Amino acid sequence: MTDKTVWLVTGAGRGLGVHIARAALDAGHAVVATARSTEAIITALGEHENLLAVALDVTDPQAATAAVAATVERFGQLDVLVNNAGSFQAGFFEEMTPEAFRSQIETTLFGPVNVTRAALPQMRTQRSGLVVTISSTAGIASTGDFLTAYAASKFGVEGFMEALATEVEPFGIRTMLVEPGFFRTELLSPQSTQYAEPTIEDYTDRTRQTVQAWRSMDGKQGGDPAKLATALVHLSALPEPPARFAAGADAVDVFEAKAATLLAQADAHRELSTNLAHDDA
Ligand SMILES: NC(=O)c1ccc[n+]([C@@H]2O[C@H](COP(=O)([O-])OP(=O)(O)OC[C@H]3O[C@@H](n4cnc5c(N)ncnc54)[C@H](OP(=O)(O)O)[C@@H]3O)[C@@H](O)[C@H]2O)c1
């Protein structure tokens, strides 16, 4: 890659995506900022000679193809795709509607699948590129209630990216998963978080308390999205970007706890685990 690269960022009308687009522009890169509303992009980022605003709902595969085509038409290439768009369907699994669960998967698993599928032919032609996917610590470990759909989508995107890495590496294409802890964006605001309607008496008290706990975190998250965006621009320029980046001290804790848990689980029934082969194998 040359010093000036071409970025495509999803969900760049508000939240972390705006910071990523701004940090990439500040570093001298060209940016295709995409969002469901292009007006939101211009309001957030203003006009810039290296900026192209494109409408993209990540659940729409054809719009993803069109966004990549617009990128190549304007800037001639696509170097860094950032799968960032996200939302949060929150609730106890039994109280969540199937539609809400599916909508989480459509946005935060099939969204990255759709946009990555659209981007790879261009990156393969170039024999270079980086696919960055903003996952979550909830893609490493589920650390609380209300996370079934969100964690399912984030664990899904972890598997998708990890499995994709070896397939595209021969073409000079890299992948990088980013697992943020709590960052102060709009994710926990009513615009991005939808709580399941309380419907089951057995859950009533816990639902009330858990909704209150999540709501009380809105606006108080420790992580600074501007610092994360700058870190991502830095990491993306490395000759060997990390396969995973724990974003935040809380994320490092989650990684370490999960690693320790997995080691303990591998060991817990070692005798039984290691004696499951055919007798002649
Ligand atoms: N903030 C955190 O603490 C945290 C922690 C871990 C992971 N993350 C992940 O970080 C990413 C960015 O989230 P954020 O924290 O910046 O949240 P945010 O402030 O709520 O922003 C979410 C962005 O995603 C966009 N979006 C939602 N659905 C979309 C769709 N179908 N198509 C296109 N854009 C869509 C939203 O656009 P609209 O304005 O159109 O809704 C908005 O720009 C997400 O993947 C999230 O899961 C965040």
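The letter at position 276 of the sequence shown is residue 276 when you use UniProt numbering, and the numbering goes up by one with no holes. Every residue gets a Cβ at the ideal spot worked out from N, C-alpha and C, and that includes glycine. These numbers come from a predicted model, not from an experiment.
Would you say the beta carbon of residue i comes nearer than 7 Å to a heavy atom of ligand 1?
i: Ile134; result: yes
i: Asn114; result: no
i: Ala149; result: no
i: Arg14; result: yes
i: Asp250; result: no
i: Ala85; result: yes
i: Phe182; result: yes
i: Thr185; result: yes
i: Arg270; result: no
i: Ser37; result: yes
i: Ala90; result: no
i: Val58; result: yes
i: Ser192; result: yes
i: Ala229; result: no
i: Ala40; result: yes
i: Gln104; result: no
i: Gln221; result: yes
i: Thr108; result: yes
i: Val10; result: The question names Val, but residue 10 in the sequence shown is Thr. Because some heavy atom of ligand 1 lies under 7 Å away, the Cβ of Thr10 counts as near it: yes.
i: Gly156; result: no
Which of the three DSSP states is assigned to residue i in this structure?
i: Gly181; result: coil
i: Asn84; result: coil
i: Met1; result: Reliability fails at Met1, whose pLDDT of 42 lies under 50, so the model's placement of it is uncertain and the value that follows must be treated cautiously. Reduced to three states, the DSSP call for Met1 is coil.
i: Phe245; result: strand
i: Ala237; result: coil
i: Val68; result: helix
i: Gly76; result: coil
i: Val131; result: strand
i: Val252; result: helix
i: Leu109; result: coil
i: Thr34; result: strand
i: Val115; result: helix
i: Gly139; result: helix
i: Leu262; result: helix
i: Leu56; result: coil
i: Leu51; result: strand
i: Ala281; result: coil
i: Ser273; result: helix
Assuming residue i and residue j are in contact, meaning their beta carbons sit under 8 Å apart, how far apart are those beta carbons, in whole angstroms?
i: Val157; j: Thr108; result: 7 Å
i: Val6; j: Ala30; result: 5 Å
i: Gly11; j: Ala44; result: Actually they do not touch by this definition, with Cβ atoms about 11 Å apart.
i: Phe183; j: Phe146; result: Not quite, the Cβ-Cβ distance comes to about 18 Å (not below 8 Å), so this is no contact.
i: Glu99; j: Thr59; result: Incorrect: roughly 13 Å between the Cβ atoms, too far for contact.
i: Val178; j: Phe245; result: 5 Å
i: residue 283; j: Ala138; result: Not covered by the structure: residue 283. The range shown for the chain is 1 to 281.
i: His19; j: Pro225; result: 4 Å
Any beta-carbon of chain D closer than 8 Å to the one on residue i?
i: Val58; result: No chain D appears in this structure, which consists of one protein chain only.
- Starting from the N-terminal side, write out each stretch of the alpha helix (DSSP H) that is 4 residues or longer and does not extend beyond the region 142-221. 148-168 and 204-217
- Task: Kindly provide the ranges of any beta strand (DSSP E) runs that are 3 or more residues long and lie completely inside the region 2-29, ordered along the chain.
- Result: Secondary structure remark: continuous beta strand (DSSP E) runs of at least 3 residues inside the region 2-29, in chain order: 6-9.
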